[in-house]
Amino acid sequence: MARPIKETPTLYGEDARRFAYAVKHPKPVSTESIKRAKEAYEWMKSIATFPL
-5 MARPIKETPT LYGEDARRFA YAVKHPKPVS TESIKRAKEA YEWMKSIATF PL
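One point on numbering: in the working numbering, the residue at position 22 of the sequence shown is 16, and numbering is uninterrupted.
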């Protein structure tokens, strides 16, 4: 049986400021990382079989 999901804790103070900054200023992603992610996605899509 599944366990209930707990509420997400609220951030306060410096943790909240750091989180808000990280959301507004995401780290740039290299084109190589994007390419690898797309290749992995295509590979997973090619082997996925779902009976309907």
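Yeah, the Cβ is synthetic: ideal placement off N, Cα and C, and Gly gets one too.
As the structure is a computational prediction, the values presented were derived from the model and not from experiment.
Secondary structure of residue i, DSSP reduced to three states
| i | result |
| --- | --- |
| PHE44 | coil |
| THR2 | coil |
| VAL17 | helix |
| ARG30 | helix |
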